[in-house]
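Participant: I have a structure here, written as structure tokens, and I will follow up with some questions on it.
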Amino acid sequence: MFDLNPILNTDSYKLSHWLQYPPGAQEVSSYVESRGGAFDSILFFGLQPFLMEHLARPVTRGDVEAAQEVASAHGLPFHRDGWFDLVARHGGALPVEISAIPEGTVLPPQNVLAQIRNTDPAFYWLSSYLETALLRAIWYPTTVATISYACKQVIRRALEETSDDPKGQLPFKLHDFGARGVSSLESAALGGMAHLVNFRGTDTLAALPAAKRYYDEPMAGFSIPAAEHSTITAWGRDGEADAYANMLQKFGRRGGLVAVVSDSYDLFNAVEHIWGGVLRDQVLQMGGTLVVRPDSGHPPTIVRQTVALLADKFGARRNAKGFFVLNPAVRVIQGDGIDVASIGEILDELKGAGFSADNVAFGMGGALLQRLDRDTLRFAMKASAIRIDGQWRDIYKAPSTDPAKASKRGRLALRRGAQGFETVRAENCPAEANLLVPVWRDGQLLRRWRFSEIRERTESN
Numbered sequence: 005m006f007d008l009n010p011i012l013n014t015d016s017y018k019l020s021h022w023l024q025y026p027p028g029a030q031e032v033s034s035y036v037e038s039r040g041g042a043f044d045s046i047l048f049f050g051l052q053p054f055l056m057e058h059l060a061r062p063v064t065r066g067d068v069e070a071a072q073e074v075a076s077a078h079g080l081p082f083h084r085d086g087w088f089d090l091v092a093r094h095g096g097a098l099p100v101e102i103s104a105i106p107e108g109t110v111l112p113p114q115n116v117l118a119q120i121r122n123t124d125p126a127f128y129w130l131s132s133y134l135e136t137a138l139l140r141a142i143w144y145p146t147t148v149a150t151i152s153y154a155c156k157q158v159i160r161r162a163l164e165e166t167s168d169d170p171k172g173q174l175p176f177k178l179h180d181f182g183a184r185g186v187s188s189l190e191s192a193a194l195g196g197m198a199h200l201v202n203f204r205g206t207d208t209l210a211a212l213p214a215a216k217r218y219y220d221e222p223m224a225g226f227s228i229p230a231a232e233h234s235t236i237t238a239w240g241r242d243g244e245a246d247a248y249a250n251m252l253q254k255f256g257r258r259g260g261l262v263a264v265v266s267d268s269y270d271l272f273n274a275v276e277h278i279w280g281g282v283l284r285d286q287v288l289q290m291g292g293t294l295v296v297r298p299d300s301g302h303p304p305t306i307v308r309q310t311v312a313l314l315a316d317k318f319g320a321r322r323n324a325k326g327f328f329v330l331n332p333a334v335r336v337i338q339g340d341g342i343d344v345a346s347i348g349e350i351l352d353e354l355k356g357a358g359f360s361a362d363n364v365a366f367g368m369g370g371a372l373l374q375r376l377d378r379d380t381l382r383f384a385m386k387a388s389a390i391r392i393d394g395q396w397r398d399i400y401k402a403p404s405t406d407p408a409k410a411s412k413r414g415r416l417a418l419r420r421g422a423q424g425f426e427t428v429r430a431e432n433c434p435a436e437a438n439l440l441v442p443v444w445r446d447g448q449l450l451r452r453w454r455f456s457e458i459r460e461r462t463e464s465n
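In this note's numbering, the protein residues as written are 5 to 465.
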């Protein structure tokens, strides 16, 4: 939208915090964690674009002067000398070090995900000053990646129970329909990339150049020709069959897929009498796959009924696990009312009716990229240690009114223990065992993850 002055990429009250630390303060160490939420596992993703795009931008004297003007009019003190000193001594590069677990790591909540400290004692106030920007950079893509990962586990289990080829089917079972439902283009790019860590299907185009720019991925996701309601209803109700025939003519090819929304008027008439009647031979002869999209009604019931009608009209075979799989010429994609819970309900209803999860894919929009916030996974960034006159001291909060908000103490490390991941004090963890990796220091990216590495790491978890 605009090039935001990096000094103003924070909350208003942060402008006064440089005056609030104890005398002799030299260094503050803060950490980011998910304190819990709806999911047992967190998939960490999305810090790298923030480092490359925002933290890499040096502060200029012009930024300081402009921020001074805003702060004065806003009614807050401003650390003009401190920011000018930062420009003079560091060329505007922020003197901080950020360590983080490798992107793509899957771990339980309540573990440290990233840690930040200032590297120049004169800027003891800087670590917490960056909380707003750093926390936002982490919570959103990590929450999207975690939701997508949770969906993947639901689908994986259904495929393992009902499919002969779970591994081959899984990558394209959840398609990102969320671009139009997010608050910004940047959200679409970040959330779209987060989903593509788990799956290969997307209609969020912004994610593709972003994955190439920030994670060196030539092509992170794929899509197919598909109809929307306007391209069907433009033919009029009497021309519905002609609209469908046009889709087959223009996009039907051997080995290809074409998706057609089929509920513009009467879904069951479309499936039974148009797709399964007037156009049946054309569907079978094109050599590819027609993907029928129901787009209204109670999702579990509608999907089961649609699959059953297609089985009646096009045939189905029983696989080795005893479940019916539709003729390869037809499949179903459900893109309405999709979230983690409804995916499970749809797959359970199909299984109960004797149909394999092979028969259906899902499109997920707002529930994937937008129906979430910082509290979905209860994200927080807290200061946990301060160095004063050369001595480190623990800092922590322990509110009696809400013990769940108690924060961690000391400089932290993450290691694998006998019970899995565990967050410990840094002095109790050998450096070689610490999974927190320095990724940024004093304006320099230290570790650049590739998208392929992240996918491999996630799948291995």
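We treat Cβ as the ideally placed atom computed from N, Cα and C, and that holds for glycine.
For Ser34 and Lys171, I'd like the C-alpha separation in whole angstroms.
Facilitator: In a straight line, the C-alpha of Ser34 is about 40 Å away from that of Lys171.
Participant: Distance, Cα to Cα, Phe203 vs Arg454?
Facilitator: The alpha-carbon atoms of Phe203 and Arg454 are separated by roughly 16 Å.
Participant: Residue range of the alpha helix (DSSP H) that Ser167 falls in?
Facilitator: Ser167 -> no alpha helix (DSSP H), and no H or E assigned at all.
Participant: Residue ranges of each beta strand (DSSP E) run of no fewer than 3 residues wholly in the segment 352–421, ordered along the chain?
Facilitator: Whole beta strand (DSSP E) segments, 3+ residues: 364–368, 383–392, 395–398, 416–421.
Participant: Report the start-end ranges of each alpha helix (DSSP H) in the segment 226–287 that is 4 residues or longer and not cut off at the edges.
Facilitator: Here the runs fully enclosed are 233–237, 244–255.
Participant: Go ahead and pull the three-state DSSP assignment for Thr293.
Facilitator: If DSSP states are grouped into helix, strand and coil, Thr293 belongs with the strands.
Participant: Note the first and the last residue of the continuous beta strand (DSSP E) segment covering Pro434.
Facilitator: First-last for Pro434: undefined, no H or E at that position.
Participant: Between the C-alpha atoms of Phe383 and Phe328, what's the straight-line distance to the nearest angstrom?
Facilitator: Computed Cα separation, rounded: 43 Å.
Participant: Please go through the same chain and pick out, in chain order, the residues whose beta-carbon is closer than 7 Å to the beta-carbon of Phe359, but skip the five residues on each side of it.
Facilitator: These residues qualify, in order along the chain: Val311, Phe327, Phe328.
Participant: In chain order, what residues of the same chain lie with their CB nearer than 6 Å to the CB of Trp87, ignoring the 5 residues before and after it?
Facilitator: Closer than 6 Å at the Cβ level, and outside the excluded window around Trp87, lie Val68.
Participant: Pull the bridge partners of Asn122 from the DSSP assignment, please.
Facilitator: According to DSSP, which records beta bridges pairwise, Asn122 is partnered with Val100.
Participant: Using three-state DSSP, classify Thr305 as helix, strand or coil.
Facilitator: In the structure shown, Thr305 sits in a helix (DSSP, three-state: H, G or I).
Participant: My output table needs one value for Gln72: the three-state DSSP class, helix, strand or coil.
Facilitator: Gln72: helix per DSSP, three-state reduction.
Participant: Going by the beta-carbon positions, is the gap between Pro106 and Thr123 smaller than 8 Å?
Facilitator: Taking 8 Å as the Cβ cut-off, Pro106 and Thr123 do not qualify as a contacting pair.
Participant: Is it true that the segment 226–233 meets the segment 392–409, where meeting means three or more beta-carbon pairs spaced less than 8 Å apart?
Facilitator: Flag = no, the segment 226–233 and the segment 392–409 do not touch.
Participant: Quick one: Cα of Ala245 to Cα of Ala214, how far?
Facilitator: For Ala245 and Ala214, the distance between alpha carbons rounds to 39 Å.
Participant: If I measure Cβ to Cβ from Leu189 and keep anything under 7 Å in the same chain, skipping five residues before and after, which residues do I get?
Facilitator: Closer than 7 Å at the Cβ level, and outside the excluded window around Leu189, lie Ala210.
Participant: Sorted by chain position, which residues of the same chain lie with C-beta nearer than 6 Å to Tyr269's C-beta, five sequence neighbours on each side aside?
Facilitator: Correct list, in chain order: Arg241.
Participant: Starting from Ala192, follow the alpha helix (DSSP H) in both directions and report where the run begins and ends.
Facilitator: Per DSSP, Ala192 belongs to the alpha helix (DSSP H) from 189–200.
Participant: Apart from the five residues just before and just after Asp362, which ones in its own chain have a Cβ nearer than 7 Å to its Cβ?
Facilitator: Answer for Asp362: Ser167, Gln173, Val329, listed in chain order.
Participant: Can the beta-carbon of Arg391 be found closer than 8 Å to that of Glu353?
Facilitator: No; because the gap between Cβ atoms is not below 8 Å, this pair is not in contact.
Participant: Going by the beta-carbon positions, is the gap between Gly195 and His179 smaller than 8 Å?
Facilitator: Cβ atoms of Gly195 and His179: not closer than 8 Å.
Participant: Can you grab the Cα-Cα spacing for the pair Gly348 / Gly185, in whole Å?
Facilitator: Distance between the alpha carbons of Gly348 and Gly185 is about 23 Å.
Participant: Tell me, please, which residues DSSP counts as bridged to Pro10.
Facilitator: Answer by DSSP bridge pairing: none, since Pro10 is not bridged.
Participant: If you reduce the DSSP assignment to three classes, tell me which class Asp299 lands in.
Facilitator: Coil, per DSSP.
Participant: Relative to the C-alpha of Asp340, which candidate in Gly356, Arg297, Lys325, Phe318 has its C-alpha closest?
Facilitator: Checked all of Gly356, Arg297, Lys325, Phe318; the closest Cα to Asp340 is Arg297.
Participant: According to DSSP, is Thr310 helix, strand or coil?
Facilitator: Correct three-state label for Thr310: helix.
Participant: To the nearest angstrom, report how far apart Gly95 and Ala104 are at their CA atoms.
Facilitator: Each residue's alpha carbon lies about 25 Å from the other.
Participant: Is it true that the CB of Thr462 sits closer than 8 Å to the CB of Val110?
Facilitator: For Val110 and Thr462, yes; Cβs fall inside 8 Å.
Participant: Mind the definition here: the segment 285–303 touches the segment 260–276 only if three or more C-beta pairs lie below 8 Å; say whether that holds.
Facilitator: Yes: the two stretches touch, three or more of their Cβ pairs being nearer than 8 Å.
Participant: How big is the Cα-Cα spacing for Val63 and Lys216?
Facilitator: C-alpha separation (whole angstroms): 27 Å.
Participant: Exposed or buried, what is His199 when buried is set at 16 or more other beta-carbons lying within 10 Å of its beta-carbon?
Facilitator: Under this definition His199 is a buried residue.
Participant: Would you give the residue range spanned by the alpha helix (DSSP H) that Asp85 belongs to?
Facilitator: Residues 84–94.
Participant: Does the segment 132–147 come close enough to the segment 38–53 that 3 or more CB-CB pairs lie under 8 Å?
Facilitator: Yes, the segment 38–53 touches the segment 132–147.
Participant: Please report the straight-line C-alpha distance between Val201 and Arg452, rounded to a whole angstrom.
Facilitator: Looking at the two C-alpha atoms, the distance is approximately 16 Å.
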